[in-house]
Amino acid sequence: MVFSTLACKNNKQERTRGRRFPWLAMVALCLVPLAPARASNPAFQIDHAGTTLDGDVYHLNANISYRFSQDALEALRNGVPLTIQLDIQVYHQRWWWWDKDLASLVQRYQLQYHALTKRYIVRNLNSGGQHSYSTLGGALHALGDIRKLPILDKNLVSADTSYKVRARVHLDIEALPAPLRPLAYISSGWRLGSKWYTWSLKR
Amino acid sequence: MFSGKTPVLLLLALLLASLYLMSGATHNSALFSRLYSVLLGINGLAIVLLVALIGKHMYRLVQQYRGHVAGSRLTARLVIMFIVLAVTPVSVVYYFSLDFLQRGIDSWFDVRVEKALDDSLELSRTSLDVRMRELLRQTRQMSPQLANTPDSMAALALNDIRSDSDATELTLFSPNGRIIASSGTDTSSIVPARPDDATMLQLRQGSDYVGLDPIRDSGLHVRVAVRVPSPNPVGESRVLQALYPVTDRMNTLANSVQAAYAQYKELAYLRKPLKYSFILTLSLVLLLSLLTAVWAAFFSARRLVAPITDLAEGTRAVAAGNYDKRLPLPGKDELGFLVRSFNEMTHKIALARDAAARSQQQAEAQHAYLEAVLVRLSSGVLTIDRNQVLHTSNPAADQILGVDLGAFVGRGLDEVRREHPHTRHFIDAIAPHVVEGEQEWRDEIILFGAGGRQVLMCRGTLLPDVADVSAGHVIVFDDITALIQAQRDAAWGEVARRLAHEIKNPLTPIQLSAERLRHKYLGKMDEKDADVLDRSTHTIVQQVEAMKEMVKAFSEYARMPRLDLEPIDLNAVINEVLDLYRGERSVKYLVNLDAKMPRVEGDIGRLRQLLHNLIKNALEAMESRGDARLSVTTRCMEEASCRFVEVRVQDNGPGIPGEMLGQLFEPYVTTKPKGTGLGLAIVKKIVEEHGGLLWAENPPSGGALVVIRLPVLTSNRGDDESDLTLALVNHKGNDDAAA
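The listed protein sequences derive, respectively, from chains A and B.
Going by the working numbering, the first sequence opens with residue 24, and the numbers climb by one from there.
Going by the working numbering, the second sequence opens with residue 92, and the numbers climb by one from there.
Written out as C-alpha cells, the structure reads:
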C-alpha cells in the first residue's frame with residue numbers, strides 16, 4: 024500500500040511536470056536542427072533494466088552508463104550541481120486506443136562536487152539520502168547502479184493484462200542555474216539523455 | 092481581438108513581469124530561478140505577438156498609404172515620429188546599460204579574491220589534516236583490539252571501543268565489504284554508510300584510508316578506514332570504519348569556506364552565461380518596451396487621427412450631398428469640439444435643405460395648379476416680356492391661333508409671326524400695347540387663318556417685376572367669332588321672319604288686284620292699251636309670284652320646324668343623293684365612304700336637303716371647269732373623347748375668296764350671279780340643328796372643302812363590320828348647276 028500511494032503521488036508530479044512540458048517540447052523541437060545527433064556523442068544509456076517481484080512490490084534493477092559532455096563536466100568541477108532524472112512508466116498497450124498508464128515514477132538524483140573534501144556527492148532528491156565518492160567514476164557508477172527501487176504495488180496490477188515498463192534518464196536542464204539554461208537549451212553538450220528502454224513486466 | 096485596452100494592459104503586465112524577471116536575475120532568487128524559462132518563453136511569445144501585431148498594422152498602414160486613404164499620411168507621420176521619439180532614448184539607455192553590465196559583472200571578480208579563497212580552502216584542509224592524522228592514529232590503535240574478536244562478538248566489542256573514543260560510528264566490514272557489526276550514537280541511521288569501491292580497493296592494497304566526508308544534516312565527518320589484523324595470517328583482513336565528527340566551530344568555519352568558495356567558483360564559471368543571460372534579459376525588456384512603444388504609436392496615432400479621418404469623410408459626404416451624416420464624438424478636447432461643430436453644421440444644412448425642398452415642393456404644386464387651370468381655360472393665355480419673348484402659353488391659345496406656341500417658348504413673337512404669317516394681325520395688334528407698356532388694354536382683333544375669319548377679343552395687363560423675369564404682359568384672348576356669328580344668325584332669323592310676315596301679306600292683294608284689273612279692263616280697252624295692261628299686269632303677277640317664292644324661301648330659313656329624329660345610315664343617304672346627280676354632267680365623283688360608319692341620329696329629309704345644297708353648290712362652283720371633280724369622304728373619328736362622323740365635300744373649283752371665308756354660311760353671301768344666297772346658310776342651320784359643326788376652308792390642294800361633323804348615336808358603336816368601300820364613280824352628264 025505504501026508504494027501505491029507513492030506511485031500516485033509521483034503520478035501527480037508527472038502531471039504537473041507535464042503541464043509545463045508542451046512549450047519545453049516546442050522549444051526543443053525548434054532547436055533540433057541546431058544540433059544534429061551524433062552516434063558516439065556524450066549521452067546516457069540504460070544498459071539493462073528489469074523488474075523483480077519481491078513480496079507484494081515490484082522492484083526495479085537497472086544498470087545505466089553516464090557519459091557526460093565536457094561542458095557538463097566543467098560545470099560540475101566548478102561547483103554547479105547536475106540533476107539527473109529517471110522516468111519510469113508502467114503501462115499497458117491497447118490496440119484500439121492510446122496506451123494506458125498504470126503508474127509513473129520520477130526519480131531525481133543530484134551530482135555535486137565538494138571542493139573542500141574533493142569528493143563527489145550523489146544525492147537522491149526523492150529520499151534525501153546522500154553519499155560521497157572520491158572519484159567521479161565511483162559516483163557515476165553508484166548513480167548507474169540502481170538496485171531494488173520499489174516502483175509498483177502488486178495489488179495495482181490486474182492478472183489478465185500484460186504490462187510494459189519503460190525507463191529513461193536525462194539531465195534536467197531546468198534544474199541548472201538560470202543563466203546556464205538558455206545556453207543549455209540550444210547546446211547539444213547539455214542535452215543529455217537516454218532513449219526509452221522498454222521491457223515487459225514479469226509476474 | 093487586438094483592439095481596445097485589453098491588449099495594452101496585457102502587454103504592460105508582460106512588461107512588468109519582464110522587469111521583475113530582470114530584477115530577479117540580479118538577485119538570482121529561487122522564485123526567479125524556477126520561473127526563468129517560463130518567463131523567457133512568455134516574453135518570447137509576447138515579442139512574437141507584438142511583432143505580428145505591428146506587422147499587421149504596418150501592412151495595413153502601407154496599404155492605406157498606397158490607397159491614399161484619408162488620414163493615412165498623418166498616421167504614418169505620427170507613427171514615425173512616435174517611433175523615433177521612443178527608439179532614440181531607449182537605444183542610448185541600452186548602449187550604456189550594456190556597457191555597465193559588462194563592467195559591473197567583471198568587477199565582481201578579482202584575482203586576489205580568488206587566490207584568497209583558494210588559500211582559505213587550502214588552510215581549512217591543512218587544519219583538518221592535522222585532526223585527520225590524529226584520528227587515523229587513534230583508529231589504528233583500535234584495530235588490534237578487534238583482531239581476535241570473532242564476528243559474533245564484534246558488536247559488543249565495537250560498542251566498548253566507541254564509548255572510549257570520539258567516534259560517532261564504528262563499523263566492522265568483512266573483506267568483501269559486508270557489514271559485520273556496527274555501533275553508532277545516531278540511532279536514526281540504521282544502515283551505516285559503506286566505504287566506496289575506491290576506498291575498499293585502497294584498503295585491499297594495504298593502505299588505510301582517511302578522508303573528509305560531508306554527511307547530510309550532521310555536517311563534515313572524518314571517515315577513517317583501517318584494516319583489522321587477521322588472526323589467520325593467510326586470511327583476508329576485515330575493515331574497521333570509524334566516523335568522527337568535526338568540532339562544531341571547525342564545521343561551521345569549514346562549511347563557510349566551502350560555501351563561499353563554491354559560490355565564487357560557480358559564479359566565476361557562470362560569468363559568461365550570466366552576462367549573456369543579463370544581456371538577453373535586458374534586450375528582451377528593451378525589445379518588449381520598444382515594440383510596445385511602436386504598437387502604442389500605431390494605436391495612439393490611429394486614435395488621434397480617427398476623428399480627423401471622420402471629419403474628412405464627413406466633409407466628403409457633405410460635399411456629395413449627404414447631410415444626415417453624424418460623426419462619433421472623440422472626446423472633450425479640441426478635436427471633439429471641432430467634430431461637434433461639424434455635426435451641428437451638417438444638421439443645420441440638412442434643416443435648411445429640407446426647408447428649401449419643402450418650399451420648392453409648394454412652389455411646384457402651385458405651379459402645377461396654375462398650369463392645370465391654364466390648360467382647362469377656354470381663353471387663350473400668353474405671357475410675354477418687354478422684349479416680346481414668349482414665356483407661357485396654354486393649349487387654348489394654341490387652338491385659337493392654330494399654332495403650337497409651346498415650341499416658341501423663350502423665343503420672340505417675331506419668329507411666330509415669320510413662321511406662321513396668319514398670326515401677323517394678332518401680333519401686330521398687341522405689339523404697340525406691349526411696347527408702350529400700357530397698364531391695361533383691350534382690343535378686338537380680326538384674324539384670317541386656315542379656319543377662316545376669326546374675331547378675337549384680347550385683354551392685356553402689365554405684369555409686375557419679378558426677380559428673374561423682366562416685367563411683361565399677360566394677354567388673355569377669346570375667339571368670339573362664334574358669338575358674333577350667333578348674334579348675326581339670330582338677327583337674320585328675325586329679319587327673315589319679319590320679311591315673311593310683313594311682305595307676304597300685301598303680296599296676295601297686289602296679285603289679286605292686278606288680276607282683277609286685267610280681267611275687268613283687258614277686253615274693254617283698245618288694242619294698244621290692252622297690250623300695255625296685259626304686259627303690266629303680267630309683270631306684276633310674275634314679280635309677285637317671284638316675291639312669294641322668295642318670301643317662302645325666307646320663311647323656310649327662318650322657320651324652326653321640329654326635327655323628326657331617327658337613326659340614319661349616313662352613307663346610304665349620301666349614295667342616294669349622289670345617284671340623282673350622276674349622269675348629269677361630266678363630273679368625276681370620288682366617293683370614299685367609311686364602311687364602319689356608325690349611325691347618326693337625324694332627320695332624313697333635312698339631311699338630304701343638306702347634301703343637295705352642298706353638292707349643288709360645289710357643282711356650280713366647278714361649272715367652268717372641264718375636269719370637274721367632286722370628292723365626298725366620310726369617316727368616323729374620335730377626338731377629345733368625343734365620337735363623331737365627319738363628312739368632307741371637296742371640289743376642285745376656284746375656292747372660296749378670302750374675304751368671304753368667315754361669312755360663307757351667312758344668308759345672302761354668294762359669289763354666284765343667280766341664287767338666293769341661302770343655300771349654305773340652310774346647310775349651316777341644319778348642321779347646327781343636329782348638334783353638329785361645320786366649316787369651310789381652302790385646302791392646299793386647291794378648290795374648296797366643307798367639313799361637317801355630326802355626333803354619333805351613342806347606342807350603336809361599331810355596328811357595321813364591312814370593309815371600307817371605295818367607290819369611284821365617273822360619269823358624264825349634263826350640266827345642271829341650279830343653286
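Glycine is no exception: its CB is placed at the ideal position from the N, C-alpha and C atoms.
Practice task
Could you run through the stretch 330–358 of chain B and flag, in chain order, every residue whose CB is less than 7 Å away from some CB of chain A?
Solution key: 345, 348, 349, 352, 353, 356 and 357
Handout entry: Run of the beta strand (DSSP E) containing residue 111 of chain A, from where it starts to where it stops
Key = Indexing the first sequence from 1 puts residue 111 of chain A at position 88. Taken as a continuous stretch (DSSP letters only), the beta strand (DSSP E) holding residue 111 of chain A covers 105–115.
Handout entry: Length at least 3, wholly inside the stretch 276–358 of chain B: the beta strand (DSSP E) runs in chain order
Key = 300–306, 310–319 and 329–336
Problem - When B:802, B:251 and B:761 are compared against residue 781 of chain B, the one with the closest alpha-carbon - result: Taking the first residue of the second sequence as position 1, residue 781 of chain B is located at position 690. It is B:802 whose Cα lies nearest to the Cα of residue 781 of chain B.
Practice task
Measure from the C-beta of residue 195 of chain B to each C-beta in chain A and report whether the shortest distance is under 8 Å.
Solution key: For the purposes of this step, residue 195 of chain B is identified with residue 104 of the second sequence, where counting begins at 1. By this cut-off, residue 195 of chain B is not an interface position.
Handout entry: CB contact flag (residue 67 of chain A, residue 216 of chain A, <8 Å)
Key = Residue numbering aside, residue 67 of chain A sits at position 44 when the first sequence is read from its first letter. Residue numbering aside, residue 216 of chain A sits at position 193 when the first sequence is read from its first letter. Yes, the pair counts as a contact, with Cβ atoms nearer than the cut-off.
Practice task
Measuring only between beta-carbons, confirm whether residue 58 of chain A sits less than 8 Å from chain B.
Solution key: Position 35 of the first sequence, counted from the first residue, corresponds to residue 58 of chain A. With a pLDDT of 42 at residue 58 of chain A, under the threshold of 50, the predicted position of this residue should be treated as unreliable, though the coordinate-derived value follows. Output row for residue 58 of chain A: interface = no.
Exercise for the section: Measure the beta-carbon distance from residue 739 of chain B to residue 762 of chain B and round it to whole angstroms, keeping in mind my assumption that it falls under 8 Å. Expected result: To locate residue 739 of chain B, count along the second sequence from 1; it is residue 648. To locate residue 762 of chain B, count along the second sequence from 1; it is residue 671. The pair is not a contact, with the Cβ atoms about 21 Å apart (cut-off 8 Å).
Exercise for the section: Answer with buried or exposed for residue 172 of chain B, where buried requires no fewer than 16 other C-beta atoms within 10 angstroms of its C-beta. Expected result: Along the second sequence, read from residue 1 onward, the residue named residue 172 of chain B stands at position 81. It is exposed - the Cβ of residue 172 of chain B has fewer than 16 other Cβ atoms within 10 Å.
Practice task
Please check if any C-beta of chain B sits within less than 8 Å of the C-beta of residue 173 of chain A.
Solution key: Translated into the one-based positions of the first sequence, residue 173 of chain A becomes position 150. With 8 Å as the cut-off, residue 173 of chain A does not count as an interface residue toward chain B.
Handout entry: CB-CB length for residue 563 of chain B against residue 532 of chain B, believed under 8 Å
Key = Here residue 563 of chain B refers to the residue found at position 472 of the second sequence. Here residue 532 of chain B refers to the residue found at position 441 of the second sequence. Wrong, their Cβ atoms sit about 14 Å apart, outside the cutoff.
Practice task
Could you say which of B:161, B:590, B:369 and B:596 lies nearest to residue 646 of chain B if we only look at CA atoms?
Solution key: Within the second sequence, residue 646 of chain B is the residue found at index 555, counting from 1. Out of B:161, B:590, B:369 and B:596, B:590 has the C-alpha closest to the C-alpha of residue 646 of chain B.
Problem - Of the listed residues B:377, B:454 and B:535, nearest to residue 179 of chain B (C-alpha basis) - result: Here residue 179 of chain B is taken as the residue at index 88 of the second sequence, counted from 1. Among B:377, B:454 and B:535, the Cα nearest to that of residue 179 of chain B belongs to B:377.
Problem - Chain-ordered neighbours of residue 204 of chain A on chain B, where CB pairs are closer than 7 Å - result: One-based indexing of the first sequence puts residue 204 of chain A at position 181. Near residue 204 of chain A (Cβ distances below 7 Å), the residues of chain B are 127 and 128.
Problem - Beta-carbon proximity list for residue 228 of chain A, same chain, < 7 Å, skipping 5 on both sides - result: The structure shown does not extend to residue 228 of chain A, since chain A spans only 24 to 226, so no value can be given for it.
Problem - Same chain, Cβ closer than 7 Å to residue 188 of chain B, five either side skipped, listed in chain order - result: Stepping through the second sequence from its first residue, residue 188 of chain B is reached at position 97. Answer for residue 188 of chain B: 373, listed in chain order.
Practice task
Find out if the Cβ-Cβ distance for the pair residue 189 of chain A, residue 220 of chain A is shorter than 8 Å.
Solution key: To locate residue 189 of chain A, count along the first sequence from 1; it is residue 166. To locate residue 220 of chain A, count along the first sequence from 1; it is residue 197. The answer is yes: Cβ separation under 8 Å.
Handout entry: residue 133 of chain A: contacting residues in chain B (beta-carbon distance under 7 Å)
Key = If you number the first sequence from 1, residue 133 of chain A lands on position 110. By Cβ distance, chain B contributes nothing, its closest Cβ being about 12 Å from residue 133 of chain A, past 7 Å.
Exercise for the section: Classify residue 75 of chain A as buried or exposed, calling it buried when 16 or more other Cβ atoms lie within 10 Å of its own Cβ. Expected result: Residue mapping note: residue 75 of chain A aligns to position 52 of the first sequence, counting from 1. Residue 75 of chain A should be labelled exposed.
Problem - Between the CA atoms of residue 273 of chain B and residue 244 of chain B - distance to the nearest angstrom - result: Stepping through the second sequence from its first residue, residue 244 of chain B is reached at position 153. Stepping through the second sequence from its first residue, residue 273 of chain B is reached at position 182. Cα to Cα, residue 244 of chain B sits roughly 11 Å from residue 273 of chain B.
Handout entry: Nearest to residue 148 of chain B (by Cα), restricted to the options B:582, B:687 and B:167
Key = Looking up residue 148 of chain B in the second sequence gives position 57. Nearest option by C-alpha distance: B:167.
Exercise for the section: For residue 386 of chain B, count neighbouring Cβ atoms within 10 angstroms of its own Cβ and tell me buried if that reaches 16, exposed if not. Expected result: In the second sequence, residue 386 of chain B corresponds to position 295, counting from 1. Under this definition residue 386 of chain B is a buried residue.
Problem - Element boundaries [beta strand (DSSP E), containing residue 495 of chain B] - result: Looking up residue 495 of chain B in the second sequence gives position 404. Per DSSP, residue 495 of chain B belongs to no beta strand (DSSP E) and is neither H nor E.
Exercise for the section: Return yes when the C-beta of residue 210 of chain A is under 7 Å from any heavy atom of the ligand SAM, and no when it is not. Expected result: Ligands displayed in this structure: none; no statement on the ligand SAM is therefore possible.
Exercise for the section: Check distances from the C-beta atoms of the stretch 298–314 of chain B to those of chain A and list, in chain order, the residues that come in under 8 Å. Expected result: 302, 303, 304, 305, 306, 307 and 311
Exercise for the section: Just mark residue 55 of chain B as buried or exposed, buried being the case when its beta carbon has 16 or more other beta carbons within 10 Å. Expected result: Residue 55 of chain B lies beyond the range of chain B shown here (92 to 830); nothing can be said about it.
Problem - Chain-ordered neighbours of residue 290 of chain B on chain A, where CB pairs are closer than 8 Å - result: Indexing the second sequence from 1 puts residue 290 of chain B at position 199. Ordered by position in chain A, the residues that pass the 8 Å Cβ test against residue 290 of chain B are 157.
Problem - Short CB-CB distance (under 8 Å) between residue 103 of chain A and chain B - result: Residue 103 of chain A sits at position 80 when you count from the first residue of the first sequence. Closer than 8 Å: yes.
Exercise for the section: Could you tell me which residues DSSP pairs with residue 156 of chain A in its beta bridges? Expected result: Taking the first sequence and counting its residues from 1, one reaches residue 156 of chain A at position 133. In DSSP, residue 156 of chain A forms a bridge with A:143.
Exercise for the section: Enumerate in chain order the residues of its own chain whose CB-to-CB distance from residue 237 of chain B is below 8 Å, with the five nearest sequence positions on each side excluded. Expected result: Stepping through the second sequence from its first residue, residue 237 of chain B is reached at position 146. The residues are 245, 248, 249, 252, 263, 319, 329 and 331.
Exercise for the section: For residue 225 of chain A, I'd like the list of residues in its chain whose CB is within less than 8 Å of its CB, leaving aside the five on either flank, ordered along the chain. Expected result: Reading the first sequence from its first residue, position 202 is the one you call residue 225 of chain A. Counting only Cβ-Cβ distances below 8 Å, and skipping sequence neighbours, we find 73, 74, 75 and 76.
Handout entry: Nearest-angstrom Cα separation, counted from residue 175 of chain A out to residue 358 of chain B
Key = Counted from its first residue, the second sequence places residue 358 of chain B at position 267. Counted from its first residue, the first sequence places residue 175 of chain A at position 152. The straight-line gap from Cα to Cα measures roughly 42 Å.
Handout entry: residue 229 of chain B to residue 335 of chain B span [Cα, whole Å]
Key = Within the second sequence, the letter at position 138 stands for residue 229 of chain B. Within the second sequence, the letter at position 244 stands for residue 335 of chain B. Going by the C-alpha atoms only, they are around 11 Å apart.
Practice task
Identify which residue in B:671, B:735 and B:720 has its Cα closest to the Cα of residue 727 of chain B.
Solution key: Residue numbering aside, residue 727 of chain B sits at position 636 when the second sequence is read from its first letter. Among B:671, B:735 and B:720, the Cα nearest to that of residue 727 of chain B belongs to B:735.
Problem - Beta carbon of residue 609 of chain B nearer than 8 Å to that of residue 628 of chain B - result: On the second sequence, residue 609 of chain B is found 518 positions in, with the first residue counted as 1. On the second sequence, residue 628 of chain B is found 537 positions in, with the first residue counted as 1. The answer is yes: Cβ separation under 8 Å.
Problem - Coil, strand or helix - residue 604 of chain B by DSSP - result: For the purposes of this step, residue 604 of chain B is taken as residue 513 along the second sequence, with counting starting at 1. Three-state DSSP puts residue 604 of chain B in a helix.
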